[in-house]
Amino acid sequence: MAFGWIDEQAELRRRAGLRRSLRPRPADSPLLDLAGNDYLGLARHPEVTEGAALAARTWGAGATGSRLVSGTTELHAELERELAAFCGFEAALVFSSGYAANLAAVTALAPHGSLLVSDAGNHASLIDGCRLARGTTQVVAHADPEAVRKALGTYDGPAVAVCDTVFSVDGDAAPLPALARVCREHGAGLVVDDAHGFGVLGDGGRGAAHAAGLAGADDVVVTLTLSKSLGSQGGAVLGPARVIDHLVNAARTFIFDTGLAPAAAGAALAALRLLGREPQRAARARAVAARLHAGLTAAGLQAVRPDAAVVSVRAPSPEAAVRWAARCRAAGLAVGCFRPPSVPDGISRLRLTARADLSGEQIDHAVRVIGGSRPAAGETRP
Ligand SMILES: Cc1ncc(COP(=O)(O)O)c(C=O)c1O
Numbered sequence: 001m002a003f004g005w006i007d008e009q010a011e012l013r014r015r016a017g018l019r020r021s022l023r024p025r026p027a028d029s030p031l032l033d034l035a036g037n038d039y040l041g042l043a044r045h046p047e048v049t050e051g052a053a054l055a056a057r058t059w060g061a062g063a064t065g066s067r068l069v070s071g072t073t074e075l076h077a078e079l080e081r082e083l084a085a086f087c088g089f090e091a092a093l094v095f096s097s098g099y100a101a102n103l104a105a106v107t108a109l110a111p112h113g114s115l116l117v118s119d120a121g122n123h124a125s126l127i128d129g130c131r132l133a134r135g136t137t138q139v140v141a142h143a144d145p146e147a148v149r150k151a152l153g154t155y156d157g158p159a160v161a162v163c164d165t166v167f168s169v170d171g172d173a174a175p176l177p178a179l180a181r182v183c184r185e186h187g188a189g190l191v192v193d194d195a196h197g198f199g200v201l202g203d204g205g206r207g208a209a210h211a212a213g214l215a216g217a218d219d220v221v222v223t224l225t226l227s228k229s230l231g232s233q234g235g236a237v238l239g240p241a242r243v244i245d246h247l248v249n250a251a252r253t254f255i256f257d258t259g260l261a262p263a264a265a266g267a268a269l270a271a272l273r274l275l276g277r278e279p280q281r282a283a284r285a286r287a288v289a290a291r292l293h294a295g296l297t298a299a300g301l302q303a304v305r306p307d308a309a310v311v312s313v314r315a316p317s318p319e320a321a322v323r324w325a326a327r328c329r330a331a332g333l334a335v336g337c338f339r340p341p342s343v344p345d346g347i348s349r350l351r352l353t354a355r356a357d358l359s360g361e362q363i364d365h366a367v368r369v370i371g372g373s374r375p376a377a378g379e380t381r382p
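Residue numbers (the UniProt record's numbering): 1 to 382.
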């Protein structure tokens, strides 16, 4: 039977407690949301939604084609100029998603005969970029500049190291200054995905590369998503103008993909301007994360100390994680539930987002709900 193997895979997944399914989400959910990535609380900010509406009315619902075919709107150009200036880079290019931005940067900067050095904790989009690139990939130990040095030392062709700035599962930060030093010693490029750092780390949310003193460096390229701190949708690559020009000419997810939708560009631009005016949102997201972590730890839970706004709590098994998240939801709290294959070490977690707009009372309430619904001792399987 065609696709017969799908049923076998589904059964294996079900037995391992790894089946995923979609849940409806009402427009006006009564749940306190610690699951989404709206770090600065901007996705529903009136200025941001108005930015989307105005852009759609002005430029249309869609970009109508690849920007190389349909042309580039002033809106896209403005967003790219302002993103690059805000983060301290020479130029920027926006994409229809952060995923597409990562595929673009990694594949276009790792030609045939090159070496890619990829952190074992990298996001799926960086991993897929490495898989699609023409170069050879070496996966190295997580957050380990010495491992990167060793990998680069085995090679004398063009090379690039690739990693998240803040890892999406545990919320820990990469050692960017040490990684940049190692790359420079070997004349290698450094591509960092600032999906979870942009808007949260660095001066007023200018991102992890800015915080590490790497903004504007000619050997550093930053990718980011517009869908987390900016509350919109889409992605971007920031770097030297010659790199950005190369992407326009060589990145398949730019050339063969419809440009970023005007509404998404308009919302992202409005959110970026708002962040420029309200830089305290970034520090607030970090403070919320710290309070959440302190509360969870005091409640005896195994929470990883957050370097940005992702707070991760370990669960004893995938099934226990699913039930824990369901109990939280029944108590009015939406939390993320990460299970294999979304966790590199096979350990399931609840993943919480520290939003800048959460009050102290809401944080403490969330801690009480999560602590009060924790798995019972020995609760692993159904
Ligand atoms: C680290 C990281 N990079 C890239 C992405 C992809 O970004 P987007 O959702 O805009 O495609 C995500 C998640 O969404 C992410 O967590």
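Even glycine gets a Cβ: it sits at the ideal position worked out from N, Cα and C.
Looking at the structure shown, is residue i part of a helix, part of a strand, or coil, going by DSSP?
i	result
Arg374	coil
Arg81	helix
Thr253	helix
Thr73	coil
residue 458	Lying before the first or after the last residue shown, residue 458 is absent from the chain, which here runs from 1 to 382.
Asp364	helix
Asp194	coil
Ala334	strand
Arg349	strand
Ala271	helix
Gly189	strand
Asp28	coil
Gly235	strand
Val169	coil
Ala43	coil
Asp164	strand
Thr258	coil
Phe86	helix
Val200	coil
Val94	strand
Closer than 8 Å to a non-hydrogen atom of ligand 1 - does that hold for the CB of residue i?
i	result
Leu176	no
Ser168	yes
Asp33	no
Leu126	yes
Gly60	no
Ala267	no
Ala195	yes
Ala100	yes
His123	yes
Asp172	no
Leu226	yes
Gly234	yes
Asp38	no
Asp164	yes
Ser312	no
Ser229	no
Arg97	For the sequence presented, residue 97 should be read as Ser rather than Arg. Yes - ligand 1 has a heavy atom lying nearer than 8 Å to the Cβ of Ser97.
DSSP beta-bridge partners for residue i?
i	result
Val139	Ser118
Ala110	Paired residues: none, contrary to the question.
Leu34	Val335
Thr223	Asp193, Val237
Please report the straight-line C-alpha distance between residue i and residue j, rounded to a whole angstrom.
i	j	result
Ala215	Ala195	15 Å
Gly197	Thr165	6 Å
Arg81	Ala241	11 Å
Arg252	Leu109	12 Å
Val94	Trp59	16 Å
Val367	Ser227	26 Å
Asp245	Pro111	16 Å
Leu34	Val335	5 Å
Ala285	Ala308	8 Å
Leu116	Val160	5 Å
Ser96	Leu75	14 Å
residue 428	Ala188	What is shown of the chain runs 1 to 382, which leaves residue 428 out entirely.
Ala174	Ala180	11 Å
Gln9	Arg339	16 Å
Val69	Ala92	19 Å
Cys328	His186	48 Å
Phe3	Leu12	15 Å
Ala290	Leu358	13 Å
Val322	Gly205	33 Å
Tell me, please, whether the CB atom of residue i is closer than 9 Å to any CB atom in chain C?
i	result
His210	This model lacks chain C altogether, as it is built from one protein chain only.
With three or more C-beta pairs closer than 8 Å as the rule, is the stretch 203-212 touching the stretch 139-147? no
Would you be able to state if there are at least three C-beta pairs under 8 Å between the stretch 340-350 and the stretch 304-317? yes
Is it the case that the stretch 257-275 contacts the stretch 40-54, given that we only count it when at least three CB pairs across the two stretches are under 8 Å? yes
With contact counted as at least three CB pairs below 8 Å, one residue from each stretch, are the stretch 125-138 and the stretch 97-108 in contact? yes
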